[in-house]
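Here the sequence shown stands for residues 1 to 175, numbered as in my numbering. One structure is given below, encoded as structure tokens.
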Amino acid sequence: REAERTRIAAVTAEAAYERAVGLGTQGQAIDRKSSEIKAEIKAAKKKAEAAEAAAQAAEQKARDAAIANQGYTPGTTDVHEIARQILQNKFSYGDDQFSCFSWIISRESSWNVHAQNPSGAYGLPQSLPGSKMASVAPDWRDNPATQIIWGAGYMKDRYGSPCGAQSHWRSAGNY
């Protein structure tokens, strides 16, 4: 019996050793696989970050193109802010010229895009006839940006600037 117990103990010890070696090998394989997965996750995160950066850059490029084309940030709805941005981005005017532009528009149309007087002057700048603003875009009846671009261009061409137009308006009662 003692010999049998010794043999069983030896077989059990050998099996335990083989199992331990197997588990060690399996553990090493798990460690390798875990490292591979961590590396894949890191690479995927890096790729996602690069894609996000590229998307943000493309969005900024589109926004910059829209500003260059329209003169103001897409989504802006406040007419005063649209005017301020257009005067800055399309005409390189600062706050002083915007103040003069705003002064004139306030008196001419009270910032009403659809303002019309009995003589037929129309829109923010009270263009006479209103259809002159079609030289900027066909949406002149309803688009404040079109009217602002036309009005600022008119003031620049005729009076040198919005402040030049304001000076004339103060002396003549119109511009």
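Using N, Cα and C, we set each Cβ at its ideal position, and we do this for glycine too.
- Relative to the alpha-carbon of V113, which residue among S34, Q88, I82, A20 has its alpha-carbon at the smallest distance? The residue given as residue 113 occupies position 113 in the sequence shown. Closest option to V113, Cα to Cα, is I82.
- Do you know how far the Cα of A15 is from the Cα of T6? For this step, residue 6 is matched to residue 6 along the sequence shown. For this step, residue 15 is matched to residue 15 along the sequence shown. Roughly 14 Å between the two C-alpha positions.
- Message: Assuming the contact rule is C-beta atoms closer than 8 Å, P129 and G123 should be a hit. Round their C-beta distance to whole Å, please.
- Response: To locate residue 129, count along the sequence shown from 1; it is residue 129. To locate residue 123, count along the sequence shown from 1; it is residue 123. In fact, because the Cβ distance is near 11 Å, the residues do not count as touching under 8 Å.
- Every unbroken alpha helix (DSSP H) inside the region 62-115 [4 residues or more]: 79-89, 95-109
- Check whether the region 82-101 touches the region 148-166, counting contact only when three or more Cβ pairs, one atom from each stretch, lie closer than 8 Å. yes
- Which whole-angstrom value is the C-beta distance of I86 and A145, which I expect to be below 8 Å? Here residue 86 refers to the residue found at position 86 when the sequence shown is read from its first residue. Here residue 145 refers to the residue found at position 145 when the sequence shown is read from its first residue. Indeed, because the Cβ distance is near 6 Å, the residues count as touching under 8 Å.
- Item | Under the three-state DSSP convention, the category Y175 falls into | Locating residue 175 in the sequence shown gives position 175, where the first residue counts as 1. Three-state DSSP puts Y175 in coil, outside helix and strand.
- Query: Can you give the Cα-Cα distance for E2 and R32, rounded to whole angstroms?
  - Reply: Against the sequence shown, residue 2 aligns to sequence position 2. Against the sequence shown, residue 32 aligns to sequence position 32. C-alpha separation (whole angstroms): 44 Å.
- Item | Under the three-state DSSP convention, the category S119 falls into | Here residue 119 corresponds to residue number 119 of the sequence shown, with the count starting at 1. Note: S119 maps to coil in three-state DSSP.
- Could you check if P118 is buried or exposed, using at least 16 other CB atoms within 10 Å of its CB as the buried criterion? The residue you call residue 118 lines up with position 118 of the sequence shown. With fewer than 16 Cβ atoms within 10 Å of its Cβ, P118 is classed as exposed.
- Query: Is the distance from the Cβ of S106 to the Cβ of A115 below 8 Å?
  - Reply: Taking the sequence shown and counting its residues from 1, one reaches residue 106 at position 106. Taking the sequence shown and counting its residues from 1, one reaches residue 115 at position 115. No.
- For the alpha helix (DSSP H) holding K157, just list the boundary residues, first then last. As a working mapping, residue 157 is identified with position 157 in the sequence shown. The question names Lys, but residue 157 in the sequence shown is Asp. Looking at the DSSP string, the run of the alpha helix (DSSP H) that includes D157 is 144-159.
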